[in-house]
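FYI, numbering that gives the first Met the number 0 numbers position 326 of the sequence shown as 325, with every residue one higher than the one before it. In this text, a Cβ means the ideal position worked out from N, Cα and C, and glycines have one as well. Please read all numbers here as calculations on a predicted model, not as lab measurements.
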Amino acid sequence: MKLTRKLVLGATLSLFCAAAYCAESEPKSVDEGYFLSWKQKGELLWEGQLSDSAGNLYDVWICPGYTAPAKYGAKHWEKGANDFMEYFEGKKYRKTWNTVSDMFETAWDDVFYEWMLKGVPRAWSKHFSAASERVEKRVFGWFFAYPIAFCQSTIDNLFRIPAGLCGTSIVSASTSVVPLWHGLNSGVAGTCEWIFPGTLTPVGAWTWNSLVTPPLVFIGQRPSPERVDGFWVVMEPHVYSEEELQSIADCFAKLSKEIRELNEEKSILSKERLEAEKKLREEFEPREAAIRERHDGRISVILEGLVPPSENGQVNARFSPANITANRSAIITMLKRSEISDNDAQNAINYYIMPKPQVYKSISPAHGKTKGGDLDPIGDSMTKMRQEK
């Protein structure tokens, strides 16, 4: 009963303020008096906003007003109607058909045919090709290459065939859900739009506004920019008049001309700088090349002393960049004993391990080994299957 009385009182006050809002033509000065003018009372009650004589607009967070919730509800009723209109458009049914077609294509073309049927012989070929290369190169443990390839291919098939059949069945069966989903989603979405944001939200906002705003209409203080906190009260962006827009446009036209001239002068200066840098490079590049050529010859002699060929004429793998990197700390410690600075030691090692044509050329096998190496058929099989489509 008390709530009903409050709502009736709020509605009566709303009508009274609306009449005053329409009757008052000119707002009084923002500094005249403490309490809101009748026009401001009507604005706060109906719009949830206030304006002053300077044209500033203030949005009061706890006062939603009546018009804003009404517009919000109308917008969502329109969205709900658009959701139901999808049943009368061909786009919805084309999307349903395309989704079902894509799912069948994924199930049978990608999973069943490409991944399972073609993947089984491809896995055997891949593993036995790798085994053949290991046997040809006589990699350590090469006599296990073909048995391990057989184990890898078998494990691959034991996973691939059941997974392919299950995946094909699951995706194919899921296509029956697609028409049901597309048949219900628009109706559910439209109904939710009408019930929650379209009806309950505006009604709740109107009820709250009828309870909270009437007292503030009488005791609220006139707004000013100094009393805006950015949350409870927010100053809305100013909407420029035609005269203000013209004044701003005139100013920005002059500004754009000045900025264009500035950029043109900077561009000319930048071109002059690039030309000067080009001439400087052309002057110093021959001198730099001569210095590099002289020192490269000395460096080659030094590295030939470190990396001599082994007895059979092959490169000695003990001095590969990978081994130098692995022993980097020990090498630096040894260099420091010879009173070589840390910076010089780092530079020497970095020069040696950098990828470039030099005395040492690393030879990496086509099928390298991870930890566990060739003797881990299960791990190797799972790794290769993950890499395949």
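**Item:** Exposure of Tyr20, with buried meaning 16 or more beta-carbon neighbours within 10 Å
**Value:** Only weak support exists for where Tyr20 lies, its pLDDT of 44 falling under 50; the coordinates are left without a value.
**Prompt:** Relative to the C-alpha of Cys165, which residue among Gly54, Asn81, Trp107, Arg291 is closest?
**Reply:** Trp107
**Message:** Quick check on Gly367: buried or exposed, where buried means 16 or more other Cβ atoms within 10 Å of its Cβ?
**Reply:** Low local confidence applies: a pLDDT of 41 at Gly367 is under 50, so the model's placement there is unreliable, with the coordinate-based value given in what follows. With fewer than 16 Cβ atoms within 10 Å of its Cβ, Gly367 is classed as exposed.
**Message:** DSSP three-state label for Ser128, please.
**Reply:** helix
**Message:** My output table needs one value for Ser168: the three-state DSSP class, helix, strand or coil.
**Reply:** helix
**Asked** Among Thr66, Asp101, Thr324, which residue has its Cα nearest to the Cα of Met353?
**Response** Thr324
**Prompt:** With C-beta atoms as the reference, is Gly72 less than 8 angstroms away from Asp58?
**Reply:** no
**Message:** Looking at the secondary structure, which residues open and close the alpha helix (DSSP H) in which Gln39 lies?
**Reply:** 37-46
**Asked** Which residues in the same chain as Lys78 place their Cβ atom closer than 6 angstroms to its Cβ, once the five residues preceding and following it in sequence are excluded?
**Response** Glu192
**Asked** Would you say the region 198-215 touches the region 61-75, given that touching needs at least three Cβ pairs under 8 angstroms?
**Response** yes
**Message:** By the three-class DSSP mapping on this structure, what secondary structure does Ser363 have?
**Reply:** Confidence at Ser363 is low in this model, with a pLDDT of 40, below 50, so its placement is unreliable and no value can be given for it.
**Request:** Report the residue from Lys91, Phe127, Gly197 whose alpha carbon sits nearest the alpha carbon of Tyr145.
**Result:** Phe127
**Asked** Thinking C-alpha only, which one of Glu88, Tyr33, Asn349, Arg226 is nearest Leu56?
**Response** Arg226
**Neighbour-count burial assignment, Met399, 16 or more Cβ in a 10 Å radius** = Lying before the first or after the last residue shown, residue 399 is absent from the chain, which here runs from 0 to 388.
**Request:** Might you give, ordered along the chain, the residues of its own chain that have their beta carbon closer than 8 angstroms to the beta carbon of Ser269, omitting 5 neighbours on each side?
**Result:** none
**Prompt:** When the Cα atoms are used, what is the spatial distance from Glu243 to Ser223?
**Reply:** 22 angstroms
**Prompt:** So, using beta-carbon positions, are Val170 and Val110 closer together than 8 angstroms?
**Reply:** yes
**Request:** Within the same chain, show all residues whose beta-carbon is closer than 6 angstroms to that of Arg133, passing over the 5 residues directly before and after it, in chain order.
**Result:** Trp141, Ala144
**Asked** Between which two residues does the beta strand (DSSP E) containing Tyr239 stretch?
**Response** Note, Tyr239: premise wrong, no beta strand (DSSP E); not H, not E.
**Which of helix, strand or coil DSSP assigns to Asn230** = Reading off the sequence, residue 230 comes out as Phe, not Asn. It is coil, neither helix nor strand.
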